[in-house]
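Numbering (full-length UniProt numbering), first residue to last: 1 to 286. Note that beta-carbon positions come from the ideal geometry of N, C-alpha and C, so glycine has one too.
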Ligand code: HEC
Ligand code: HEC
């Protein structure tokens, strides 16, 4: 994690400890930020008030639940701080696009992150039961994220060896990830189409060198012999696979569920101003 990441985690953690969750008078914020922050507070209060920590649910108990999309939207407010209100992440791959991912995959990944199977110190605290909530919240947020339309402008590779990439993909990946990178819900195989190139590279390497501890051992075998040129070529090709048109957002789409979200370059809303300092009480007149 570089310094920006560390700073961002601190900011995110501070956001979940906003003053409205503390036993002290609520500061009088002004301007459009106030409604966002109060919304965030209410939502955080709601998820924090959920079931107690350490209820390690397994995938099977989550996938059978009927998702409530409205609640998923409320839970998603916390995720939006990093993944963005649209769920598109960042084209530089720091944050993955999660919009449109298969709900089965989202649930598995959230549980893996929660269980420490993925090297993701930035998101880890937000995946804990205390913040994210129990099985129903997991099912709800995953279903909500799956409904979000995907960015038409994901980060692409350099485009130098796409023919090799296409061949490698057909021979080594398509059986599992699908002809068009659409994934496989029953087997919890991620959709890859539309994902940011640099994120694909980071995950491919994490799977290859075992840093993703609960990854697919068949895939690990399949990619063991890839050299760096082949890896780049295949992932470049993957970054250019287009999701089906019905999963794509229209040009310029912004998520109407979060009209007051403050879009900063880093995706982090500014912190609330410090409460005003009370005027000094005059001392006794000598
Ligand atoms: C503090 C920032 C942060 C917050 C808040 C956050 N995430 Fe993440 N998330 C990340 C980062 C960074 C990654 C990629 C980690 C890596 O490189 O392995 C990630 C990865 C993921 C993945 C795996 C994607 C994939 O295909 O590999 C899913 C799913 C996900 N997040 C969902 C969520 C949901 C749902 C929430 C809200 C409950 C959430 N995230 C909140 C930073 C965050
Ligand atoms: C035997 C089936 C299988 C094969 C073959 C396979 N994969 Fe995978 N792949 C998976 C599964 C399952 C996962 C999810 C692992 C997990 O749950 O952590 C995955 C995850 C990934 C991810 C991470 C995606 C994300 O959103 O986190 C990338 C990138 C990836 N595969 C690329 C490839 C490429 C490129 C090939 C071909 C060179 C390939 N895979 C071959 C099954 C496979």
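In the DSSP assignment, residue 189 is bridged to 184. For residue 73, the uninterrupted alpha helix (DSSP H) run begins and ends at 69-83, by DSSP.
The C-beta separation of residue 148 from residue 99 comes to about 4 Å, placing the pair in contact by the 8 Å criterion.
8 Å or more divides the Cβ of residue 67 from the Cβ of residue 112. Cβ-Cβ separation between residue 145 and residue 106: approximately 6 Å, consistent with a contact (criterion under 8 Å). Taking 7 Å as the cut-off, one finds no heavy atom of ligand 1 near enough to the beta carbon of residue 67. Residues 140, 143, 144, 147 of the same chain have their beta carbon placed closer than 8 Å to that of residue 69, with the five preceding and five following residues left out of the count. Distances between the C-beta of residue 214 and the heavy atoms of ligand 2 include at least one below 7 Å. Boundaries of the alpha helix (DSSP H) around residue 177: 174-177.
Secondary structure note for residue 206: its alpha helix (DSSP H) is the uninterrupted segment 197-208. Cβ atoms of residue 110 and residue 138 come within 8 Å of each other, at about 6 Å. Remark: the C-beta of residue 247 is outside contact range of ligand 2, defined as less than 7 Å to any heavy atom. The alpha-carbon of residue 172 is positioned some 14 Å away from that of residue 216.
Using a Cβ distance threshold of 8 Å, residue 184 and residue 97 do not count as a contacting pair. Taking the Cβ atoms as the reference, residue 150 lies roughly 23 Å from residue 219, outside the contact range of under 8 Å. When the five nearest sequence neighbours on each side are left out, the beta carbons in the same chain lying within less than 7 Å of the beta carbon of residue 206 are those of 119, 212, in order along the chain. For residue 127, the CB contacts under 6 Å within the same chain, skipping 5 residues up- and downstream, are 110, 113, 114 in chain order. In the three-state reduction of the DSSP assignment, residue 123 falls in the coil class, being assigned neither a helical nor a strand state.
Annotation: residue 81 to residue 228 spans about 33 Å, alpha carbon to alpha carbon.
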